[in-house]
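These notes are about the structure you will find just below.
In this note's numbering, the protein residues as written are 20 to 108.
Right, here's the structure in full:
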């Protein structure tokens, strides 16, 4: 992966992470860095899933791919928040 691909992954990860965080109701007890990391992972996995279902490259905006990525980011944010808010920690 070249430097422009890494920068693109970070920028897309920020957007996907923030959108995923907005989807999850309530206050999340995770930091900005975790949100970005969850977003990057969700963007990569979401792109892979979209490619597997042949919806990654369409004419115009790839709405299905974005929805998959945002859904995965929301799941990641919720799971990380839940793991951080367990009693006794």
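C-beta atoms are modelled at their ideal positions from N, C-alpha and C, and glycine is treated no differently.
Assuming residue i contacts residue j under a Cβ cut-off of 8 Å, what Cβ separation, rounded to an integer in Å, is found between them?
i	j	result
residue 97	residue 63	Their Cβ separation, rounded to whole angstroms, is 19 Å, which puts residue 97 and residue 63 out of contact at 8 Å.
residue 50	residue 91	About 19 Å separates the two Cβ atoms, so there is no contact after all.
residue 57	residue 95	4 Å
residue 39	residue 93	4 Å
Tell me whether residue i sits in a helix, a strand or coil according to DSSP, three-state version.
i	result
residue 76	coil
residue 68	helix
residue 48	coil
residue 100	helix
residue 83	helix
residue 42	helix
Suppose the cutoff is 7 Å on Cβ atoms and the five residues either side in sequence are ignored; what does the same chain contact list for residue i look like?
i	result
residue 59	28, 29 and 32
residue 53	99
residue 103	48 and 49
residue 76	none
For the candidate residues the options, whose alpha-carbon lies nearest to that of residue i?
i	options	result
residue 69	83, 25 and 43	83
residue 61	101, 25, 88 and 41	88
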